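Going down the list, the protein sequences come from chains W and L. Take the first sequence: its letter number 42 is residue 42 in the working numbering, and every next letter is one higher. Take the second sequence: its letter number 30 is residue 30 in the working numbering, and every next letter is one higher. The beta carbon of each residue, even a glycine, is placed where N, CA and C say it ideally should be. Keep in mind it's a predicted model, so treat the numbers as computed, not measured. One structure below.
2 protein chains.
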Amino acid sequence: MSDFEHGPFSRKLSAFITLSEAESAVLASLHQRRRKIAAGRDVFQQGQLGQAAYVLSAGWACSYKILQDGERQVVDFQVPGDFLGLRSVLLHVSDHSVVSVTDIEVSEVLLSDLLGVFERTPRLAAAVLWAASRDEAMVVEHLAGIGRRNAVERMAHFLLELGARLSLVGMGSRAGFDCPLTQYLLADALGLTAVHVNRVLRQLREEGLVAVKDGYVAFEDYERLTEFAGFDPAYLDQPGPLLK
Amino acid sequence: MSDFEHGPFSRKLSAFITLSEAESAVLASLHQRRRKIAAGRDVFQQGQLGQAAYVLSAGWACSYKILQDGERQVVDFQVPGDFLGLRSVLLHVSDHSVVSVTDIEVSEVLLSDLLGVFERTPRLAAAVLWAASRDEAMVVEHLAGIGRRNAVERMAHFLLELGARLSLVGMGSRAGFDCPLTQYLLADALGLTAVHVNRVLRQLREEGLVAVKDGYVAFEDYERLTEFAGFDPAYLDQPGPLLK
DNA sequence: CGCGGACTTGAAGGTATTCAACATGCGTGG
DNA sequence: CCACGCATGTTGAATACCTTCAAGTCCGCG
Numbered sequence: 001m002s003d004f005e006h007g008p009f010s011r012k013l014s015a016f017i018t019l020s021e022a023e024s025a026v027l028a029s030l031h032q033r034r035r036k037i038a039a040g041r042d043v044f045q046q047g048q049l050g051q052a053a054y055v056l057s058a059g060w061a062c063s064y065k066i067l068q069d070g071e072r073q074v075v076d077f078q079v080p081g082d083f084l085g086l087r088s089v090l091l092h093v094s095d096h097s098v099v100s101v102t103d104i105e106v107s108e109v110l111l112s113d114l115l116g117v118f119e120r121t122p123r124l125a126a127a128v129l130w131a132a133s134r135d136e137a138m139v140v141e142h143l144a145g146i147g148r149r150n151a152v153e154r155m156a157h158f159l160l161e162l163g164a165r166l167s168l169v170g171m172g173s174r175a176g177f178d179c180p181l182t183q184y185l186l187a188d189a190l191g192l193t194a195v196h197v198n199r200v201l202r203q204l205r206e207e208g209l210v211a212v213k214d215g216y217v218a219f220e221d222y223e224r225l226t227e228f229a230g231f232d233p234a235y236l237d238q239p240g241p242l243l244k
Numbered sequence: 001m002s003d004f005e006h007g008p009f010s011r012k013l014s015a016f017i018t019l020s021e022a023e024s025a026v027l028a029s030l031h032q033r034r035r036k037i038a039a040g041r042d043v044f045q046q047g048q049l050g051q052a053a054y055v056l057s058a059g060w061a062c063s064y065k066i067l068q069d070g071e072r073q074v075v076d077f078q079v080p081g082d083f084l085g086l087r088s089v090l091l092h093v094s095d096h097s098v099v100s101v102t103d104i105e106v107s108e109v110l111l112s113d114l115l116g117v118f119e120r121t122p123r124l125a126a127a128v129l130w131a132a133s134r135d136e137a138m139v140v141e142h143l144a145g146i147g148r149r150n151a152v153e154r155m156a157h158f159l160l161e162l163g164a165r166l167s168l169v170g171m172g173s174r175a176g177f178d179c180p181l182t183q184y185l186l187a188d189a190l191g192l193t194a195v196h197v198n199r200v201l202r203q204l205r206e207e208g209l210v211a212v213k214d215g216y217v218a219f220e221d222y223e224r225l226t227e228f229a230g231f232d233p234a235y236l237d238q239p240g241p242l243l244k
């Protein structure tokens, strides 16, 4: 049985462990409670008692925090195959909010489901922990970018990372990718103002590195952009399953 | 049997699950390979093939990334009970480095140990995943701070969070805590220069909020500082075990 | 005693923000 | 159908925050 039949989530996990039929079946059983959510709706909110997490099967979502003074910081964007709110389910109280950027489709995963999966198929526990680690690695890279890169490098690096992630699920290439993010969302992700995001994008465009226009990110000179941003995709790549 | 007998790691996990004797024994078995490391030594490095993670049992450590241009971003500091390199063991390649800030004591945990623990005691898998989630929540809060708080608020929030974490393991209070971090380390953690850290600390001292001097952080007005920094410890608190 | 690491302070400069104005495109209702 | 509102994108000018560069202090230690 192909690991790819059950959608992007199985596809993602199968990069870490080779899924047995039993394990595939257990994963498939997680997709019982499907929901469609329109663009711009909160999936869940910061502070909410969250017993459920979700697996995103279609569309883009965005996890963010609202600070005391009302400022928003986008922590990460989620694309198909990613978890929504995995931390929340384990922390009992959500430390962040998630909003749909486009129309999305999700499967609800209860804490009890997750614990059941862990007991019946411990290898899947490792796979889920791996997926969580990979997500955290991206958050950490994001942290480093905000802390230590200037606005232009930060944007360049961010666009390259997003492109690499999307390539892994067949939604992007070295040419570019469709991107539904507004300059406001980009600003809140990169710790900038929307005004400055605009200037930075102009600069990257004028230097012939990357052009963002009409919902499409076009890499005009992938090599030079990679060089400029100091982008190293090692933390995203998974050469093969670690557990056979 | 008290959950506290086996050191800060068991103490931390027992905030999430009530440990059975069998589970405590399994945890204790993880502390077979103990190592002492002098201050200022790398425990492991970014890019290294890391089969092993560590549990910190004494002292302070610091995880960081080095960017292309040589700039350092400190991701988090670790105090007793915290994991070192859990992500690395699951990602196979470490995405960050860890250095000892003080003399430290660690226990090595192999990937095979961890998988064994998951198979024998699935509830511990959940507990470990919870601990990882809690650590990630701190990284996310850190990200939000760097992205959306100015230098003074950022520093205030950081010191409050550190104080709260240390209080949980009995190493701090609302009065203050011992802190071995230099202004250079603080700068690299907060995405500032050491020079500006110095000015920010002076400002916080002059406003009677918090004073950092001779390795001790003294909260001079905890209430007002909390208010000023917009500090909400919800994501650190765990009212009681989620799994009995 | 001299050296290095950590800390401190001033002055100048650059990056990103703030404020303000305007352009563009899309959907909705008059 | 066109007017209008609203979200998004664009650009300029003034300002603020933080960095950079530079100089110097303090202290522990070989």
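Option nearest residue i by Cα separation, candidates the options
i	options	result
Val152 (chain L)	L:Arg87, L:Phe231 and L:Val26	L:Phe231
Arg134 (chain W)	W:Lys65, W:Ala22, W:Gln51 and W:Leu236	W:Leu236
Leu13 (chain W)	W:Leu162, W:Ala132, W:Gly215 and W:Leu209	W:Ala132
Glu108 (chain W)	W:Ser57, W:Gly145 and W:Phe158	W:Ser57
Ala126 (chain L)	W:Arg87, W:Glu21, W:Asp95 and W:Gln45	W:Arg87
Leu204 (chain W)	W:Gly191, W:Asp42 and W:Phe219	W:Phe219
Val139 (chain W)	W:Leu19, W:Ile37, W:Asn198 and W:Phe158	W:Phe158
Ala189 (chain W)	L:Leu186, L:Val93 and L:Arg148	L:Arg148
Leu201 (chain W)	W:His92, W:Val212, W:Val74 and W:Val79	W:Val212
Ile104 (chain L)	L:Arg34, L:Glu21 and L:Glu227	L:Arg34
Asp214 (chain W)	W:Val89, W:Asp178, W:Val195 and W:His196	W:Asp178
Gly208 (chain W)	W:Arg199, W:Val197, W:Leu225 and W:Gly7	W:Leu225
Glu71 (chain L)	L:Leu129, L:Ala194, L:Pro233 and L:Leu91	L:Ala194
Ser29 (chain W)	W:Arg41, W:Arg120 and W:Asp69	W:Arg120
Arg40 (chain W)	W:Thr182, W:Ala234, W:Thr18 and W:Glu206	According to the sequence shown, residue 40 (chain W) is Gly rather than Arg. Out of W:Thr182, W:Ala234, W:Thr18 and W:Glu206, W:Thr182 has the C-alpha closest to the C-alpha of Gly40 (chain W).
Asp221 (chain W)	W:Ala234, W:Pro233 and W:Glu206	W:Glu206
His196 (chain W)	W:Leu168, W:Asn150, W:Pro233 and W:Val93	W:Asn150
Beta-carbon spacing of residue i, residue j below 9 Å
i	j	result
Ala164 (chain L)	Gly172 (chain L)	yes
Leu27 (chain W)	Phe9 (chain W)	yes
Val101 (chain W)	Gly145 (chain W)	no
Glu23 (chain W)	Leu124 (chain W)	yes
Asp249 (chain L)	Val55 (chain L)	Because chain L is modelled from 1 through 244, residue 249 (chain L) falls outside the range shown and cannot be assessed.
Phe228 (chain L)	Ala156 (chain L)	yes
Glu161 (chain L)	Glu141 (chain L)	yes
Leu129 (chain W)	Leu129 (chain L)	yes
Val79 (chain W)	Leu166 (chain W)	yes
Leu110 (chain W)	Leu90 (chain W)	no
Leu143 (chain W)	Gln68 (chain L)	no
Residue i burial status per 10 Å Cβ neighbour count (16 or more: buried)
i	result
Leu49 (chain W)	exposed
Tyr184 (chain L)	exposed
Pro122 (chain L)	buried
Tyr216 (chain W)	exposed
Arg11 (chain L)	buried
Glu21 (chain L)	exposed
Gly191 (chain W)	buried
Ala187 (chain W)	buried
Pro180 (chain L)	exposed
Ala52 (chain W)	buried
Gln32 (chain L)	exposed
Gly7 (chain L)	buried
Ala234 (chain W)	exposed
Arg154 (chain L)	buried
Ser2 (chain L)	Confidence at Ser2 (chain L) is low in this model, with a pLDDT of 43, below 50, so its placement is unreliable and no value can be given for it.
Short-range partners of chain W found in the segment 117-138 of chain L, where Cβ spacing is below 7 Å = Those residues of the segment 117-138 of chain L that come within reach of chain W (Cβ to Cβ, closer than 7 Å) are Phe118, Glu119, Pro122, Ala125, Ala126, Leu129, Trp130, Ala132, Ser133, Arg134, Glu136 and Ala137.
So does the segment 114-121 of chain W actually touch the segment 58-73 of chain W, counting three or more Cβ pairs closer than 8 Å?
-> In short, these stretches do not touch, since the Cβ pair count stays below three.
Any residues in the segment 143-154 of chain W with a beta carbon nearer than 8 Å to a beta carbon of chain L? Which ones, in chain order?
-> Hits within the stretch, in order: Leu143, Ala144, Ile146, Gly147, Arg148 and Arg149.
For the segment 86-112 of chain L, which residues have a CB atom closer than 8 Å to at least one CB atom of chain W, in sequence order?
-> Listed in sequence order: Leu86, Arg87, Leu90, Leu91, His92, Val93, Asp95 and His96.
Count the CB pairs spanning the segment 37-52 of chain W and the segment 78-97 of chain W that are closer than 8 Å, and state whether there are at least three.
-> As far as the Cβ criterion goes, the segment 37-52 of chain W touches the segment 78-97 of chain W, which means the pair count is three or higher.
Name the residues in the segment 46-71 of chain W whose C-beta lies less than 8 Å from a C-beta of chain L; which are they?
-> Those would be Gly47, Lys65, Leu67, Gln68, Asp69 and Glu71, in chain order.
Listed from N- to C-terminal order along the chain, which residues in the segment 215-238 of chain W have their beta-carbon within a distance smaller than 7 Å of any beta-carbon of chain L?
-> Cβ contacts with chain L come from Gly230, Ala234 and Tyr235.
Would you list, in chain order, the members of the segment 3-28 of chain L that have their beta-carbon closer than 9 Å to a beta-carbon of chain W?
-> Cβ contacts with chain W come from Phe16.
Looking at chain W, which residues of the segment 155-175 of chain L have a Cβ within less than 9 Å of any of its Cβ atoms?
-> So the list is empty, because no residue satisfies the distance condition.
Mind checking the segment 184-204 of chain W against chain L and listing, in chain order, the residues whose C-beta falls within less than 7 Å of any C-beta there?
-> For the segment 184-204 of chain W, which is checked against every Cβ of chain L, the residues closer than 7 Å are Gly191.
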